[in-house]
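Novice: Below is one structure. I have some questions about it.
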Amino acid sequence: MFKHILLKFVLFSFIIFCSGCSFQNNEKSDTNIFQNINEKLVNENNNIEKNFETKNSINEHQLDIELGKCIEKDSTNSGMINCGYIAADGWNNEIKKHLNNLKTILTPEQFAVVQDSQDKWEEYKNKELITLKKLVFEHDGRYYQVAFVSEYVGLLKERATLLGYYEYLYSEVNN
Numbered sequence: 027m028f029k030h031i032l033l034k035f036v037l038f039s040f041i042i043f044c045s046g047c048s049f050q051n052n053e054k055s056d057t058n059i060f061q062n063i064n065e066k067l068v069n070e071n072n073n074i075e076k077n078f079e080t081k082n083s084i085n086e087h088q089l090d091i092e093l094g095k096c097i098e099k100d101s102t103n104s105g106m107i108n109c110g111y112i113a114a115d116g117w118n119n120e121i122k123k124h125l126n127n128l129k130t131i132l133t134p135e136q137f138a139v140v141q142d143s144q145d146k147w148e149e150y151k152n153k154e155l156i157t158l159k160k161l162v163f164e165h166d167g168r169y170y171q172v173a174f175v176s177e178y179v180g181l182l183k184e185r186a187t188l189l190g191y192y193e194y195l196y197s198e199v200n201n
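Residue numbering for the sequence shown follows our numbering, starting at 27 and increasing by one per position.
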């Protein structure tokens with residue numbers, strides 16, 4: 027599929043280049059060609075994204091299900107905090123799993139970009155945790171600790187989902 031998209035891009039570039047070389051000044055047809063090609067590329071990208079969203083929205087992630095069940099068992103603030111940290115461990119494992127999978131399917135150059143992004147994300151995550159600790163966790167009351175853990179889990183889930191999307195997208199492009 028990646029070769030198919032690449033071929034479209036090359037063809038698109040060739041058409042744009044040749045339209046500049048044309049002796050006919052038919053801007054309307056050039057615009058139509060550009061719009062048609064652009065619409066096809068946008069539609070193809072939207073289809074890939076919809077497939078990923080459908081795959082992930084129909085089936086709630088197991089970690090979300092387990093978190094819900096854990097909170098149902100103990101919905102006290104202390105229980106929710108404990109459940110949150112269990113979920114955080116699970117999302118950290120998902121991040122590691124996706125990174126390992128990406129390392130096996132990407133070229134070393136491609137994975138180096140992913141690893142650089144991961145390193146920068148780790149820095150961002152650590153700064154966010156400092157901010158959350160100062161603005162949320164250090165308030166009096168267990169509710170704020172629940173909010174802190176919830177935001178922490180959200181950060182991890184967001185990253186794991188993005189890495190999972192990269193993995194899915196790359197496998198879709200290469201099939």
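Even for Gly, the Cβ is constructed at its ideal location relative to N, Cα and C.
Please read all numbers here as calculations on a predicted model, not as lab measurements.
Tell me where the alpha helix (DSSP H) around N6 begins and ends.
Specialist: Residue 6 is absent from the model: the chain starts at 27 and stops at 201.
Novice: Given that a residue counts as buried once 16 or more other Cβ atoms are within 10 Å of its Cβ, and exposed if not, what is H165?
Specialist: Start at 1 with the first residue of the sequence shown, and residue 165 comes out as number 139. Counting Cβ neighbours within 10 Å, H165 comes out exposed, since fewer than 16 surround it.
Novice: Is the beta carbon of E193 closer than 8 angstroms to that of H124?
Specialist: Here residue 124 refers to the residue found at position 98 of the sequence shown. Here residue 193 refers to the residue found at position 167 of the sequence shown. Yes; because the gap between Cβ atoms is below 8 angstroms, this pair is in contact.
Novice: My output table needs one value for D142: the three-state DSSP class, helix, strand or coil.
Specialist: Residue numbering aside, residue 142 sits at position 116 when the sequence shown is read from its first letter. Residue state, collapsed to three classes: helix.
Novice: Under a Cβ-count criterion, where at least 16 other Cβ atoms within 10 Å of its own Cβ denotes burial, should E120 be classed as buried or exposed?
Specialist: To locate residue 120, count along the sequence shown from 1; it is residue 94. Under this definition E120 is a buried residue.
Novice: What are the start and end residues of the alpha helix (DSSP H) that includes G92?
Specialist: One-based indexing of the sequence shown puts residue 92 at position 66. Going by the sequence as given, residue 92 is Glu instead of Gly. Where E92 is concerned, the enclosing alpha helix (DSSP H) stretches over Q88 to K99.
Novice: Let me confirm a value: K95 is counted as buried when at least 16 other C-beta atoms fall within 10 Å, else exposed. Which label applies?
Specialist: Working through the sequence shown from its first residue, we reach residue 95 at position 69. So K95 ends up on the exposed side.
Novice: Classify V139: buried if its beta carbon has 16 or more other beta carbons within 10 angstroms, exposed otherwise.
Specialist: Along the sequence shown, one-based indexing puts residue 139 at 113. V139 is exposed by the Cβ-count criterion.
Novice: Hey, G105 and I97: beta-carbon distance below 8 angstroms or not?
Specialist: By one-based count along the sequence shown, residue 105 stands at place 79. By one-based count along the sequence shown, residue 97 stands at place 71. Result yes, Cβ atoms of G105 and I97 sit closer than 8 angstroms.
Novice: Under the rule that 16 or more other beta-carbon atoms within 10 Å means buried, what is L161, buried or exposed?
Specialist: For the purposes of this step, residue 161 is taken as the residue at position 135 of the sequence shown. The residue in question, L161, is exposed, as its Cβ has fewer than 16 Cβ neighbours within 10 Å.
Novice: Would you call Y169 buried or exposed, if buried means 16 or more other Cβ atoms sit within 10 Å of its Cβ?
Specialist: On the sequence shown, residue 169 is found 143 positions in, with the first residue counted as 1. Exposed, by the Cβ-count rule.
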